[in-house]
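Each residue of the sequence shown is one higher than the one before, starting from 0 at the first, in numbering that gives the first Met the number 0. Glycine included, C-beta positions come from ideal geometry on N, C-alpha and C.
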Amino acid sequence: MLKPAQPMTSLTTTTRTLIILLAALLPLLSTGCSATPGRYVEEHEIKQLTVVFLDEASLHEQWSKIAGREAVRLTVPMNSQTPIVKTVRGFYDYSSNTLYCEKWNFEVCGHELHHAALGQFHPQH
Numbered sequence: 000m001l002k003p004a005q006p007m008t009s010l011t012t013t014t015r016t017l018i019i020l021l022a023a024l025l026p027l028l029s030t031g032c033s034a035t036p037g038r039y040v041e042e043h044e045i046k047q048l049t050v051v052f053l054d055e056a057s058l059h060e061q062w063s064k065i066a067g068r069e070a071v072r073l074t075v076p077m078n079s080q081t082p083i084v085k086t087v088r089g090f091y092d093y094s095s096n097t098l099y100c101e102k103w104n105f106e107v108c109g110h111e112l113h114h115a116a117l118g119q120f121h122p123q124h
């Protein structure tokens with residue numbers, strides 16, 4: 000037959016104090032090990048940013064007008080003989096502080112927003 004657990008009253012005052020102290024300190028001591036070391040906050044304020052949502056054809060027209068280049072072009076990758084089609088899906092115009100993208104394309108609009116905040120980060124060809 001199992002003996003019932005000893006009640007807390009049978010422990011000495013010092014032992015009880017030590018248990019309470021350890022119970023209080025354990026969560027504090029363990030947070031240092033579990034904290035994410037790479038956390039940071041980076042804030043950017045973009046003054047006078049204009050966002051223009053366009054359909055694909057209008058986006059391509061706007062790109063050609065601003066960049067002076069075709070929005071759809073063929074290119075050959077360095078390690079291939081097969082050309083691929085490159086299509087502008089969104090862009091950020093630094094001179095007018097305007098972001099152009101299709102309204103529900105969150106990936107492209109977010110990418111262009113990064114350009115608005117961080118500037119040019121693609122390698123120059």
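With respect to the C-alpha of arginine 72, the residue from Ile83, Thr16, Lys64 having the closest C-alpha is Ile83. Per DSSP, isoleucine 83 is one residue of the beta strand (DSSP E) stretching across 83-86.
Fewer than three pairs of CB atoms, one per stretch, sit closer than 8 Å, so the stretch 106-124 makes no contact with the stretch 63-78. When secondary structure is reduced to three states using DSSP, leucine 53 falls in the coil class, being assigned neither helix nor strand. Apart from sequence neighbours up to five positions away, the residues of its chain that approach threonine 49 with a beta-carbon distance below 8 Å are Ser95, Asn96, Thr97, Leu98, ordered along the chain. For threonine 11, the secondary structure class from DSSP, reduced to helix, strand or coil, is coil.
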